[in-house]
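Below is one structure; the comments refer to it alone.
Number of protein chains: 2
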Amino acid sequence: MTDLDDTDRAILRILVHDATQSAAQVGRAVGIGQPAAWRRIKRLTDHGIIAGRRVMLDNAALGFGVTVFLGIRLAAKGRTSLEDFERAVTAIPEVQLVQHVLGQFDYRLRITARDITDFERILRRRIMTLPGVGQVEANVMLSEERRPGPLG
Amino acid sequence: MTDLDDTDRAILRILVHDATQSAAQVGRAVGIGQPAAWRRIKRLTDHGIIAGRRVMLDNAALGFGVTVFLGIRLAAKGRTSLEDFERAVTAIPEVQLVQHVLGQFDYRLRITARDITDFERILRRRIMTLPGVGQVEANVMLSEERRPGPLG
DNA sequence: CTTGAAAAGAACTGCCT
DNA sequence: AGGCAGTTCTTTTCAAG
Chain A
192 MTDLDDTDRA ILRILVHDAT QSAAQVGRAV GIGQPAAWRR IKRLTDHGII
242 AGRRVMLDNA ALGFGVTVFL GIRLAAKGRT SLEDFERAVT AIPEVQLVQH
292 VLGQFDYRLR ITARDITDFE RILRRRIMTL PGVGQVEANV MLSEERRPGP
342 LG
Chain B
192 MTDLDDTDRA ILRILVHDAT QSAAQVGRAV GIGQPAAWRR IKRLTDHGII
242 AGRRVMLDNA ALGFGVTVFL GIRLAAKGRT SLEDFERAVT AIPEVQLVQH
292 VLGQFDYRLR ITARDITDFE RILRRRIMTL PGVGQVEANV MLSEERRPGP
342 LG
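Those protein sequence lines, which keep their order, are chains A and B.
In this text, residue positions in the first sequence follow this note's numbering: the first is 192, and each later residue adds one.
In this text, residue positions in the second sequence follow this note's numbering: the first is 192, and each later residue adds one.
This is the structure in structure tokens:
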């Protein structure tokens, strides 16, 4: 495992929040020069600690004002049913995130819909018809706040 | 609300997956030139549809191999208790995501821990001592798959 | 680690179809 | 809207302290 020092952690903290910053800006923020910052970022990327760069979309601005989290417990758990379920759930365009979990539920899904009516349509016609669905729990998201996480 | 055409949607689909691509590369992928692609990306950013750019971290590579989702129902729901709870939960470094939700639970938290022992420590000393916690449900994440979402 | 420099490429601008 | 050409900036690599 690669060991990171405080400077690496500071760099990650910045880039997780805003990856538009240049290596020079990041370097200035953490008290090192541009080449040093660049080398560190490259090392973190090469070692897979930085796993990728993505743009974040404003779902509301795209007309998808409703985000719902579903907890799904499968009725019949066989080896094949997990794969069947995953294949089917992956084909639903409104599903943003599929998490295989251990606990009260077997899967957690993040769904985006235009409005509650649209969500009901997705739930009835897409989710409830998935192979093997048992108990389904829904939580509508009101607000969300991302935190830096274990980096501090 | 800004209306997007198919080209805009194609651009977003690419950048949500990998934002390291240059405007020229994105343009080539959607069949337009570099300046046209750049102008579209800028417009999408200015209109807030692209809400930001972030690096994705590999929590496992950072030594945080365990991700747990907590559903939390507050015991006493008063006007102040929501704010007290949010303030306290925000101060826990292992909390990556705080979602205020409507449904069976009041909040959903994403927690990262080094291992299950570490998670138990966080749960007992940090989560269970939060102001107003009632019912707590935990799901340990096994795997996660992101999908393009409503864009296609 | 730093500074400085140079080459490549990406970002940005103005003009034209 | 898109394309072309040019300018400015960052990125990326180097040498040297």
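Just so you know, even glycine gets a beta-carbon here, dropped at the ideal spot from N, CA and C.
It should be emphasised that the depicted structure is a prediction, and the values quoted were computed from it without experimental measurement.
With 16 other Cβ atoms within 10 Å as the buried cut-off, status of residue i
i      : result
A:M332 : buried
A:E311 : exposed
B:Q295 : exposed
A:A210 : buried
B:E335 : exposed
B:G218 : buried
B:E274 : exposed
B:I202 : buried
A:I307 : exposed
A:R299 : buried
Residue-chain proximity (residue i, chain A), Cβ-Cβ < 8 Å
i      : result
B:A227 : no
B:A220 : no
B:A252 : yes
B:G343 : yes
Below-8 Å beta-carbon distance, residue i vs any chain B residue
i      : result
A:F255 : yes
A:I248 : Per the sequence presented here, residue 248 of chain A reads as Leu, with Ile not at that position. Yes, contact with chain B.
A:E274 : no
A:R338 : yes
Nearest-angstrom beta carbon gap, residue j and residue i [assumed within contact, 8 Å]
i      : j      : result
A:V221 : A:A228 : 7 Å
B:D297 : B:L265 : 5 Å
B:I241 : A:L248 : 7 Å
B:R200 : B:G343 : 7 Å
B:A252 : A:G239 : 5 Å
B:R338 : A:V286 : 5 Å
B:R244 : A:R244 : 6 Å
A:F276 : A:N330 : Incorrect: roughly 20 Å between the Cβ atoms, too far for contact.
Residue i Cβ short of 7 Å to the ligand SAH heavy atom set
i      : result
B:R200 : The model depicted lacks the ligand SAH and carries no ligand whatsoever.
Worksheet entry | the region 233-247 of chain B in contact with the region 291-305 of chain B per 3-pair CB rule at 8 Å | Segments in contact, no.
Worksheet item: Are at least three pairs of beta-carbons, each pair with one atom in the region 251-263 of chain B and one in the region 295-305 of chain B, less than 8 Å apart?
Response: Proximity of the region 251-263 of chain B to the region 295-305 of chain B meets the contact definition, three or more beta-carbon pairs being nearer than 8 Å.
Discussion item. Whether or not the region 317-335 of chain B and the region 273-282 of chain A are in contact is what I'm after, with contact meaning three or more pairs of Cβ atoms, one per stretch, closer than 8 Å; do they touch?
Written reply: Flag = no, the region 273-282 of chain A and the region 317-335 of chain B do not touch.
Item to complete: Select from the region 282-314 of chain A all residues with a C-beta closer than 7 Å to any C-beta belonging to chain B, and list them in chain order.
Response: Cβ contacts with chain B: P284, E285, V286, Q287, L288, V289, Q290, H291, V292, L293, G294, Q295, F296, R299 and T303.
Discussion item. Closer than 8 Å between beta carbons: that is the criterion. Which residues of the region 198-215 of chain B meet it against chain A?
Written reply: Taking a C-beta cut-off of 8 Å against chain A, the contacting residues of the region 198-215 of chain B are L203, L206, V207, H208, D209, A210 and T211, listed in chain order.
Discussion item. Taking beta-carbon pairs under 8 Å, can you tell me which members of the region 232-244 of chain B lie near chain A?
Written reply: Against chain A - using a Cβ distance shorter than 8 Å - the residues of the region 232-244 of chain B are H238, G239, I240, I241, A242, G243 and R244.
Worksheet item: For the region 313-336 of chain A, which residues have a CB atom closer than 7 Å to at least one CB atom of chain B, in sequence order?
Response: Here the close residues are E328, A329, N330, V331, M332, L333, S334, E335 and E336.
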